[in-house]
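Chemist:
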Amino acid sequence: MDERDVALASVWRVVRAIPRGTTLSYGEVARQAGLPRRARWVAVALKAAPPSLRLPWHRVIGAGGRIAFPPGSRLHREQCRRLRAEGREVIGSRVVAAARGTGAADLDAWLWKA
DNA sequence: TGTATGACCCTGA
DNA sequence: CTCAGGGCCATAC
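In the numbering used here, the protein residues as written are 26 to 139.
1) Within 10 angstroms of the Cβ of R84, are there 16 or more other Cβ atoms? Answer buried if so, exposed if not.
2) Since S50 and I86 should fall inside the 8 Å C-beta cutoff, what is the C-beta to C-beta distance between them, to a whole number of angstroms?
3) Determine the direct distance from the alpha carbon of T48 to that of L33, and round the result to whole angstroms.
4) Name the two residues that bound the continuous alpha helix (DSSP H) containing H83.
5) Consult DSSP for S98 and reduce its assignment to one of helix, strand or coil.
6) Compare the Cα-Cα distances from L71 to each of R45, V121, M26, D30 and report the closest residue.
7) Pick out the complete alpha helix (DSSP H) segments inside the region 47–80, 4 residues or longer, and give them in chain order.
Pasting the structure below:
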């Protein structure tokens, strides 16, 4: 098990821990995984994640609530669908910050502040 | 070996 | 809002 595997496991662990209805940016995932400033690599890690892990990858979005996939692409639609299924509003490629007081909101309020 | 590409991020104009 | 420019770094060719 080399460094890469450890890093992959760290990222997956963080993503797996994102609560339902909440979102985390790539940069934040990287940071919480102990890989500061490696947001880009988080994308690689997600792409490399075996589907069998059933990671909630849809809860990982770009900074500022931006969906990272090209609008109209299959994955973009899939992510929108899953986020809305968890009660999040999505407008275009933007995931609207959750309103305060609705439970899962505090995290991203802190994240993309306001 | 070198270059290009990308599910990124941030600042500044 | 867009665009540019810097940083980041694994992968693919």
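Cβ coordinates follow ideal geometry from the N, Cα and C atoms, glycine included.
Quantities reported herein were computed from a predicted structural model and do not represent experimental measurements.
Modeler: Reading from the atomic positions:
1) Counting every other CB atom within 10 Å of its CB across the protein chains shown gives R84 a total of 16 or more, marking it as buried.
2) Contact between S50 and I86 holds: CB atoms are separated by about 6 Å, below the 8 Å threshold.
3) Near 19 Å, if we compare the C-alpha coordinates of T48 and L33.
4) Taken as a continuous stretch (DSSP letters only), H83 belongs to no alpha helix (DSSP H), as it is neither H nor E.
5) Coil, per DSSP.
6) The option with the nearest alpha carbon to L71 is D30.
7) The region 47–80 is shown to contain whole alpha helix (DSSP H) runs of 4 or more residues at 51–57, 64–73, in chain order.
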